[in-house]
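**Student:**
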Amino acid sequence: MKKIFLLFIAGLTVSVSHSQEVSDAMRYTQDNLTGTARFRAMSGAFGAVGGDLSAITVNPAGSAIFLNNQATITLSNQSKKNNSNYFGTQTSDNDNSFLLNQAGGVFVFHDRNPNSDWKKFTIGVSYENTNNYDNNIFSAGTNPRNSIDKYFLTYANGISLGDIKNIDYRDQFFDEQQAYLGLNGKVIYPTSSNDSNTEYTSGVPSGGNYAQTNEVYTSGYNSKATFNIATTYKDRLYLGANLNVHVTDFRRSSSFYESNNNALQTGETISKLRFNNNQYTYGNGFSFQLGAIAKVTESLRLGLAYESNTWYELNDEISQSLYTTRQATGGQPIDATVNPNVINVYKPYTLQTPAKWTFSGAYVFGKSGLISIDYAIKDYSNSKYKPTSDPGFRSLNSEINNTLTNTGELRIGAEYKIKQLSLRGGYRYEGSPYKNKTTIGDLNSYSGGLGYNFGGTKVDLAYSYLEQKFNQGFFATGFTDGANITSKLNNVTLTLLFEL
5 MKKIFLLFIA GLTVSVSHSQ EVSDAMRYTQ DNLTGTARFR AMSGAFGAVG GDLSAITVNP
65 AGSAIFLNNQ ATITLSNQSK KNNSNYFGTQ TSDNDNSFLL NQAGGVFVFH DRNPNSDWKK
125 FTIGVSYENT NNYDNNIFSA GTNPRNSIDK YFLTYANGIS LGDIKNIDYR DQFFDEQQAY
185 LGLNGKVIYP TSSNDSNTEY TSGVPSGGNY AQTNEVYTSG YNSKATFNIA TTYKDRLYLG
245 ANLNVHVTDF RRSSSFYESN NNALQTGETI SKLRFNNNQY TYGNGFSFQL GAIAKVTESL
305 RLGLAYESNT WYELNDEISQ SLYTTRQATG GQPIDATVNP NVINVYKPYT LQTPAKWTFS
365 GAYVFGKSGL ISIDYAIKDY SNSKYKPTSD PGFRSLNSEI NNTLTNTGEL RIGAEYKIKQ
425 LSLRGGYRYE GSPYKNKTTI GDLNSYSGGL GYNFGGTKVD LAYSYLEQKF NQGFFATGFT
485 DGANITSKLN NVTLTLLFEL
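With our numbering applied, the sequence shown covers 5 to 504.
Below is the structure:
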């Protein structure tokens, strides 16, 4: 985006622009199944069930199901493995993390007036780590056609040579900075030495067979603090509302390497290069939820919940460096380092994620157990960067609208009780948010768990498995080749519940 601003870092004034991508928006629009062990064991199918601290994050009316004050704390261990296939070469990488996943409490206030139809109201507070960004992806293979030179050429073509050479890197727009890196690393050359030149050619020899690796390491979290209030009418209708505060802290470090053994030419050509990118995004957001649960009969419950858009105020910081080796026929290798040693800090911007509707049904078999089904609808194409009057944001929002689509999410959960012991299981499916169905594929997840009631204290344990396929380009512009990734996530969750 063409966003100009000033920032003092180590005495340096930075004035730059940056282009957000569709994948940046997707990071905050997709839901991740987190929460208590009981919630996760039943794959989050709690929209009409309630009575769980994490259930109120689906339907805020669920807190009115509680009979007594409760508090919970949840710990999780997450293991994620990414299998990559890049032009037939198989590689894999994994990451393991341990985190405080959830904590909260609900307070129940009964109305002792026998003439009142409003039997009680509840107040709840909950914290959840809604997304753990710790992840490692390593891809390697031989690209038979394309080099990363297309990335730098796409940005450079159309930019005057004088704007690259004669303007300090710190005062350049993002596209000019990419051209600066490519030009000074000798990955690209101007077709004319005139400052008005706007055409560039590649310094990478043709012929294909480029050996390439791409390493991506991410870390951080997205958390949500929920403030809930709910009530019940005649113990038949439950109503609730949530106010949510979101906090995000995301770091991404990527390193792309390319080499080739193609024939040297009279002029200098690139034999190998490494392109490093570091991104730090942080900020906060706000959303609200409304929900209702109707007890149709003593066994049948129906639920309806609305989750508003989330409005994020985000900040980006980016640093880049490029290292190249070039050589001419009969010449010695020449190394070039292009490292501006500048952290670009961009003007804050707004991201609006789409709203969601959840329809739920549950059948309760007395004190023996239950079966529950949730179906949620979310239109990912409604994601928006703001202000929408900004030309760059208009273009990106148009790309989001043309790339993403409306999708549904199905959650099924069941619980069976044997005295103090509870056995649980669940299944979750979400369709691809992309129209092409391949950039991010369909999500399938299975879960199971058990719990034991000691009286005033309960212990719940859950295991969940998730698998999803991806095919996202290493870069969004110019050089868009990417690996086919199969991501497998195993999660073990432990919850301690206390009746107060």
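Glycine included, C-beta positions come from ideal geometry on N, C-alpha and C.
Keep in mind the model is a prediction, meaning the values are calculated, not measured.
Under the rule that 16 or more other beta-carbon atoms within 10 Å means buried, what is Asp239, buried or exposed?
**Tutor:** exposed
**Student:** Judging by CA-CA distance, which residue of Gly335, Thr481, Phe125 is the nearest neighbour of Thr270?
**Tutor:** Gly335
**Student:** Can you give the Cα-Cα distance for Gln176 and Thr392, rounded to whole angstroms?
**Tutor:** 23 Å
**Student:** Can you name, in chain order, every residue of its own chain whose Cβ lies under 6 Å from the Cβ of Ser259, other than the five neighbours on each side?
**Tutor:** Glu219, Asn280
**Student:** Does Val342 pass the burial test, meaning 16 or more other C-beta atoms within 10 Å, or should it be called exposed?
**Tutor:** buried
**Student:** Keeping to the same chain, check which residues put their C-beta closer than 6 Å to that of Ile381; ignore five residues upstream and five downstream.
**Tutor:** Trp361, Gly412
**Student:** Taking the alpha-carbon positions, what's the Val368 to Arg305 distance?
**Tutor:** 8 Å
**Student:** Compare the beta carbon distance of Ile60 and Asn313 with 7 Å and say whether it is the shorter of the two.
**Tutor:** no
**Student:** Can you check which of these residues, Lys123, Asn345, Leu454, Ile163, is closest to Ala41 by C-alpha distance?
**Tutor:** Leu454
**Student:** Let me check you understand the geometry: is the CB of Asn135 closer than 6 Å to at least one non-hydrogen atom of the ligand ZN?
**Tutor:** You won't find the ligand ZN in this model; it holds no ligand whatsoever.
**Student:** Closer than 7 Å by C-beta to Asp485: which residues in its own chain qualify, once you throw out the five before and the five after it? Chain order, please.
**Tutor:** Excluding five sequence positions before and after Asp485, the CB atoms of its chain that fall closer than 7 Å to its own CB belong to Asn147, Asn150, Gly477, Phe478, given in chain order.
**Student:** Per DSSP, Gly365 is paired with what?
**Tutor:** Leu306, Ile377
**Student:** Here's a check: name, in chain order, each residue in its chain whose Cβ is nearer than 6 Å to the Cβ of Val496, leaving out the five neighbours to either side.
**Tutor:** Asn81, Tyr467
**Student:** Between the Cα of Phe142 and the Cα atoms of Thr333, Asn457, Lys84, Thr407, which residue gives the shortest distance?
**Tutor:** It is Lys84 whose Cα lies nearest to the Cα of Phe142.
**Student:** At the level of alpha carbons, what is the spacing between Gly48 and Gln331?
**Tutor:** Using only the alpha carbons, I get a separation of about 58 Å.
**Student:** In the structure shown, what three-state DSSP assignment does Gln472 receive?
**Tutor:** In the three-state reduction of the DSSP assignment, Gln472 falls in the strand class, which pools E and B.
**Student:** I'd like to know if the stretch 101-119 and the stretch 67-82 are in contact, where contact means that at least 3 CB-CB pairs between them fall below 8 Å.
**Tutor:** yes
**Student:** For Pro194, which three-state DSSP category applies?
**Tutor:** strand
**Student:** Considering Asp167, what are the terminal residues of the beta strand (DSSP E) in which it resides?
**Tutor:** Premise fails: Asp167 lies in the alpha helix (DSSP H), 165-169, not in any beta strand (DSSP E).
**Student:** If you measure between the beta carbons of Asn282 and Ser257, is that distance less than 7 Å?
**Tutor:** yes
**Student:** Look up Ser402 in the DSSP assignment and say whether it is helix, strand or coil.
**Tutor:** If DSSP states are grouped into helix, strand and coil, Ser402 belongs with the helices.
**Student:** Quick one: grab the DSSP three-state call for Ser491.
**Tutor:** strand
**Student:** For the beta strand (DSSP E) that Ala418 lies in, which residues bound it at each end?
**Tutor:** It spans 410-422 - the beta strand (DSSP E) in which Ala418 sits, taken as one unbroken run.
**Student:** Are three or more beta carbon pairs between the stretch 317-325 and the stretch 347-362 nearer than 8 Å?
**Tutor:** yes
**Student:** Mapping the DSSP letters down to three states, classify Gly128 as helix, strand or coil.
**Tutor:** strand
**Student:** If you pair each beta-carbon of the stretch 237-256 with each one of the stretch 184-204, do three or more pairs fall below 8 Å?
**Tutor:** no
**Student:** Taking the beta strand (DSSP E) that Thr273 falls in, what are its first and last residues?
**Tutor:** 273-299
**Student:** If I measure Cβ to Cβ from Thr202 and keep anything under 8 Å in the same chain, skipping five residues before and after, which residues do I get?
**Tutor:** Asn161, Gly162, Ile163, Ser164, Leu165
**Student:** Would you say Ser58 and Phe70 are within 7 Å of each other, going by their C-beta atoms?
**Tutor:** no
**Student:** In the DSSP assignment, what residue or residues form a beta bridge with Ala234?
**Tutor:** Thr126, Gly244
**Student:** Since Thr484 is in the alpha helix (DSSP H), which residue starts that stretch and which ends it?
**Tutor:** Premise fails: Thr484 is in no alpha helix (DSSP H) and is neither H nor E.
**Student:** What do you get for His114, buried or exposed, if any count of 16 or more other CB atoms within 10 angstroms of its CB means buried?
**Tutor:** exposed
**Student:** Since Thr76 sits in a beta bridge, which residues does DSSP pair it with?
**Tutor:** Gly108, Leu501
**Student:** Using C-beta distances below 6 Å, list every residue in its chain close to Tyr286, excluding the 5 sequence neighbours before and after it, in chain order.
**Tutor:** Here the set comprises Asp253, Asn319.
**Student:** With a threshold of 16 other CB atoms inside 10 Å of the CB of Phe102, please say whether the residue is buried or exposed.
**Tutor:** exposed
**Student:** Please list the terminal residues of the continuous alpha helix (DSSP H) segment that includes Arg432.
**Tutor:** Taken as a continuous stretch (DSSP letters only), Arg432 belongs to no alpha helix (DSSP H), being part of the beta strand (DSSP E) at 425-434.
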